[in-house]
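Reviewing the structure listed below.
Protein chains: 2
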Amino acid sequence: MLSRLTPPPRPTPSTLRPQFMTQSTLRLGAFFYATGHHIAGWRHPSSEADGGINLERYVGWAQKAEAAKFDLVFLEDGTGIRDSNLRSSERTARSTHFEPVTLLSALAAVTSRIGLVATTSTSFNEPYNVARRFASLDHLSGGRAGWNLVTSTTDAEAANFGTGGIAQHADRYARAEEFVDVVLGLWNTWDDDAVVIDRESGQFSKPDGFRPLNHRGTHFEVRGPLNISRTPQGQPVLVQAGSSGPGKDLAARTAEIVFTANQTLDEAVDFYRDLKGRMAGFGRAPDDLKVMPGLFPVVGRSEAEARAKFEALQDLIDPVVGLALLERMVGGFDLSGYDPDGPVPDLPEANGAKSRQRLMFDLARREGLSLRQLYLRIAGARGHSQIVGTPAQIADEMETRFRAGGADGFNIMPATLPGGLDDFIELVLPELRRRGLFRQDYEGRTLRGHLGSRPPAGFGAAAPRPAG
Amino acid sequence: MLSRLTPPPRPTPSTLRPQFMTQSTLRLGAFFYATGHHIAGWRHPSSEADGGINLERYVGWAQKAEAAKFDLVFLEDGTGIRDSNLRSSERTARSTHFEPVTLLSALAAVTSRIGLVATTSTSFNEPYNVARRFASLDHLSGGRAGWNLVTSTTDAEAANFGTGGIAQHADRYARAEEFVDVVLGLWNTWDDDAVVIDRESGQFSKPDGFRPLNHRGTHFEVRGPLNISRTPQGQPVLVQAGSSGPGKDLAARTAEIVFTANQTLDEAVDFYRDLKGRMAGFGRAPDDLKVMPGLFPVVGRSEAEARAKFEALQDLIDPVVGLALLERMVGGFDLSGYDPDGPVPDLPEANGAKSRQRLMFDLARREGLSLRQLYLRIAGARGHSQIVGTPAQIADEMETRFRAGGADGFNIMPATLPGGLDDFIELVLPELRRRGLFRQDYEGRTLRGHLGSRPPAGFGAAAPRPAG
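Residue numbers (the UniProt record's numbering), protein chains in the order written: chain F, 1 to 468; chain H, 1 to 468.
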């Protein structure tokens, strides 16, 4: 079939215990992008095309995901319209959308169990502000907040912040490393039990229950303390997506979820082993980080029905939009001068999203795709795994990757919203539950409770006091 | 009585038509600070002392204010704990609280009519991010967002952003002026009717319906467009509080609400005339800006009951907390070396909140207050008008200032939450309604609809296209 991973033999018992794996069920995220992950999804009747700026739609989608017991809702973000050509942006649903932390704050008020993960860039924000906002979201949601830390990778975003183009990869990561340390430090400026509210004595929080951070680094000087107390989760869950060496080290040191894209089972297993293998060096147990790659499913009761659904979406792709997507995915290079039916040209290494660019080149080479074929190929999953098939076929793929030690779970990217989400919930989830791969109900009340992980900085421990 | 304005004679018809006034009823904001505006409010049984980090409490307060038809909820903010002495902060409820834009986003999901105004500083944020967040809040709330633009005034806040102390007053305002222009410009990068969602043709937004801003100024370079479309209000309502010359000019040019503090009726009328008089120079009508000073009411069925309520709160003031509050109000100067029962010393002019410092000195001089008397005097209203009395007395004061042309409405600062809010709603609002000074129900669906104002940039008009 069009977009299968490597063929999925049902695993034999001897393959069921790969290194590093202890959990017995999948973690599942509901990844909401625009009004569906397929680039033409908004044109399909199964989408609510105004969802990007209509809270009611998002409430409906989030409440469906919660009723289905997803671990989390995941919102990506960019700090600007990322197409260099605004005429192509006019033809996508993604040009206008809620800022994700405000959106999840609204959803916090109308959901009660599902985790809420928002993306915020370290490139154009101050760590004090980011630490506050996610701490606030964690309090608002009763312990369900997660921060997907990214570095911004496009000049189109940088141009909204006067920085004269995106910083070099190494500089972005150096800033991100220090940024996350400051944020973790600020979340630790309050003790767990600091707030005592003793009306009688007038002591609102216990003596010395919060204290300065006094961070002085290369990029930031931040005194602290934070003006919001320690959160229900101790600290919000950190999520990361970087797949470069520095990206993997940062994740191994600080993340509890890694969102990634791997095209083949071998790549997925290699990535998983590499990442979890790095954790011991930072004093962490492998199970405290969940690898949750993106997964773009198109589900049909039969393979033919699934394929027909997929082809209906593919037929809606506007060539202008497809090419603009591809340009963004290979690092912002202008592809308009190339023959759409010719091979993918050799391009210099991107300064932006290196691993995404590499993924595109590998995919084109492996499958021998022309430019047009490549944009058609990525219009749905955008480099993530794409499975078009029956519930059993999709469950097979998920089970195979899970049992082979290539994933702890998946971020499900519905092609359209709510249609694609409904399909996954109604058709695939029962099959996963039948196989014992997904739980029947929530077991915890916090995002970290759903994950079953421990935070890097040690929830419950008081932060070290600064010397001064 | 302790804390009256100038005596309020009931106005005669001849005094009823001051220059600039056209509206016939008051605008009312519910100003929520910590768990009550009185610094010891959290210690009083009529407060929900954990409200700063408990969403349920805020939902309750906001829904009460909405049921009472308040025009808006108003949240102040600081980018850090503002006491230089953390030991005093441990003894206040304000050391831990939600970040206001996230909190109002949550409240947007569970309210439907009341306006939602959050404070965000121009000092330690990027205009693109601020424009996005408030546009997002306006979409989330269906057109109820307001941004209270402030410049940060304390070194304690600056220390969280590595800027080596707060900027000079003139520099803060120069940055704020340019900041607000960029934000207004970004809100105008999308036409009102840009989003068309034509599934058939594939045109999500109309051709050239959004465009770059291409701002290049002294402090910011911002290309745009915003990645969120024009909001239900066209643009969120701008709120300001500056009372210096540059502050008044900025407000006269861009604000639709001015939040201010005046101690006497004469001062209030002078301020009001001065501010509204500046508007013509910016091509605006006086009625498009509402002057809404803070008002701290303590309500009793009798004057004795009101006074007893107030004294009960005053008795709960911790001297350490009172002095720390005063230090902050006079510009961050250390007062610990002075005799609490001696006169307020001469201090150099503050670089921080100049008008607040001046207010403190004027108050102390006018009433001949010692340091201790001064902090007791401001522990409730913090420089805003304080009225301790019966519903009729409070309504008298409000009516007098309104009819004399000193206010278009008030931001009500309940001493405790929810107790002080309940008192105002149950006792004072019926009196105001009896006098025809406050409406029975909402007339519009947006914050701007409640205000009856027009935005400075002209809602409905397409933004001018940049030349290039």
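By construction, the Cβ of each residue, glycine as well, lies at the ideal position given by its N, Cα and C atoms.
**Asked** Taking only runs of the beta strand (DSSP E) that begin and end inside the segment 294 to 330 of chain H, which ones reach a length of at least 3 residues, in chain order?
**Response** 294 to 299
**Request:** Might you give, ordered along the chain, the residues of its own chain that have their beta carbon closer than 7 angstroms to the beta carbon of L429(H), omitting 5 neighbours on each side?
**Result:** A68 and F438
**Prompt:** In its own chain, which residues sit with a C-beta less than 8 angstroms from the C-beta of G164(F), not counting the 5 before and 5 after it?
**Reply:** Here the set comprises A158.
**Request:** With a cut-off of 8 angstroms on the beta carbons, I'd call G115(F) and R144(F) a contact; round off their distance for me.
**Result:** 5 angstroms
**Prompt:** Quick one: what's E90(F) bridged to in DSSP?
**Reply:** Note: E90(F) sits in no beta bridge, so no partner.
**Asked** Considering only C-alpha positions, which residue in the set L427(H), R382(H) and L295(H) is nearest to R27(H)?
**Response** L295(H)
**Item:** Cross-chain neighbours of L326(F) in chain H, by beta carbon under 9 angstroms
**Value:** Contacts between L326(F) and chain H, judged by CB atoms closer than 9 angstroms, are missing: the closest CB pair is about 17 angstroms apart.
**Request:** Pull out every residue of the segment 90 to 120 of chain F whose Cβ sits closer than 9 angstroms to any Cβ of chain H, in chain order.
**Result:** E90, R91, T92, A93, R94, S95, T96, H97, F98, E99, P100, V101, T102, L103, L104, S105, A106, L107, A108, A109 and V110
**Item:** Check whether L363(F) and L374(F) have beta carbons under 8 angstroms apart
**Value:** yes
**Prompt:** In angstroms, rounded to a whole number, what distance separates the CA positions of L16(H) and D266(H)?
**Reply:** Note on L16(H): pLDDT 43, under 50, position unreliable in the model; the coordinate value appears next. Whole-angstrom Cα-Cα distance: 16 angstroms.
**Asked** Quick one: what's got a C-beta closer than 6 angstroms to H384(H)'s C-beta in the same chain, skipping five residues either side?
**Response** A261, G294 and F296
**Anticipated Cβ contact below 8 angstroms, residue 470(H) with V180(H), distance rounded** = The requested residue 470(H) does not occur in the structure, where chain H is confined to residues 1 to 468.
**Prompt:** Which residues, in order along the segment 24 to 44 of chain F, keep a beta-carbon less than 9 angstroms from a beta-carbon of chain H?
**Reply:** Cβ contacts with chain H: A40, W42, R43 and H44.
**Prompt:** Counting along the chain, where does the alpha helix (DSSP H) carrying N129(F) start and finish?
**Reply:** P127 to L140
**Prompt:** Looking at the C-beta of V258(F), does it have a partner C-beta in chain H at a distance below 8 angstroms?
**Reply:** no
**Asked** Is N214(F) near the ligand FMN, in the sense that its beta carbon is under 7 angstroms from a heavy atom of that ligand?
**Response** Absence of the ligand FMN is noted for the structure shown, with no ligands found whatsoever.
**Request:** Look up R365(H) in the DSSP assignment and say whether it is helix, strand or coil.
**Result:** helix
**Prompt:** How long is the line joining the alpha carbons of L213(H) and L275(H), rounded to whole angstroms?
**Reply:** Their Cα atoms are separated by approximately 30 angstroms.
**Message:** Using the three-state DSSP reduction, which class does residue 522(F) fall into: helix, strand or coil?
**Reply:** Any answer about residue 522(F) is impossible in this case: the structure gives chain F only from 1 up to 468.
**Prompt:** Got a sec? Which residues, its chain only, sit under 6 angstroms from V298(F) by beta carbon, not counting five neighbours each side?
**Reply:** A306, K309, F310, V388 and A415
**Residue-level contact to chain F via CB, L126(H), 8 angstroms cutoff** = Inspection of the sequence shows that residue 126(H) is occupied by Glu rather than by Leu. Yes, E126(H) lies at the interface with chain F (some Cβ there is under 8 angstroms from its Cβ).
**Item:** Nearest-angstrom beta carbon gap, L451(H) and V237(H) [assumed within contact, 8 angstroms]
**Value:** 7 angstroms
**Endpoints, the beta strand (DSSP E) within which A30(F) is located** = Taken as a continuous stretch (DSSP letters only), the beta strand (DSSP E) holding A30(F) covers R27 to F32.
**Cβ of S229(H) within 8 angstroms of any chain F Cβ** = yes
**Asked** By the criterion of Cβ-Cβ separation under 7 angstroms, what are the contact partners of E221(F) in chain H?
**Response** G162
**Residue from D191(H), V182(H), F402(H) and A131(H) with nearest C-alpha to K290(H)** = Of the listed residues, the one whose Cα sits closest to K290(H) is F402(H).
**Prompt:** Which word fits A280(F), buried or exposed, when buried means at least 16 other C-beta atoms lie within 10 angstroms of its C-beta?
**Reply:** The residue in question, A280(F), is exposed, as its Cβ has fewer than 16 Cβ neighbours within 10 Å.
**Item:** Proximity test, Cβ basis, 8 angstroms: V298(F) and chain H
**Value:** no
**Request:** State the Cα-Cα distance for the pair V59(F) and T120(H), rounded to the nearest angstrom.
**Result:** 26 angstroms
**Asked** Nearest-angstrom Cα distance between L326(F) and S152(F)?
**Response** 18 angstroms
**Prompt:** Does the Cβ of T218(F) have 16 or more other Cβ atoms within 10 Å, making it buried, or fewer, making it exposed?
**Reply:** exposed
**Request:** Starting from T120(H), follow the beta strand (DSSP E) in both directions and report where the run begins and ends.
**Result:** G115 to S121
**Request:** Assuming A312(H) and H37(H) form a contact by the criterion Cβ under 8 angstroms, report the distance between their Cβ atoms to the nearest whole angstrom.
**Result:** 15 angstroms between Cβ atoms; not a contact.
**Prompt:** What's the gap between the Cα of T189(F) and the Cα of H97(H)?
**Reply:** 15 angstroms
**Request:** Kindly list the residues whose CB is nearer than 8 angstroms to the CB of Y338(F), restricted to its own chain and excluding five residues on each side of it in sequence; keep chain order.
**Result:** P345 and L371
**Prompt:** If you follow the beta strand (DSSP E) that L75(H) is part of, which residue opens it and which one closes it?
**Reply:** L72 to L75
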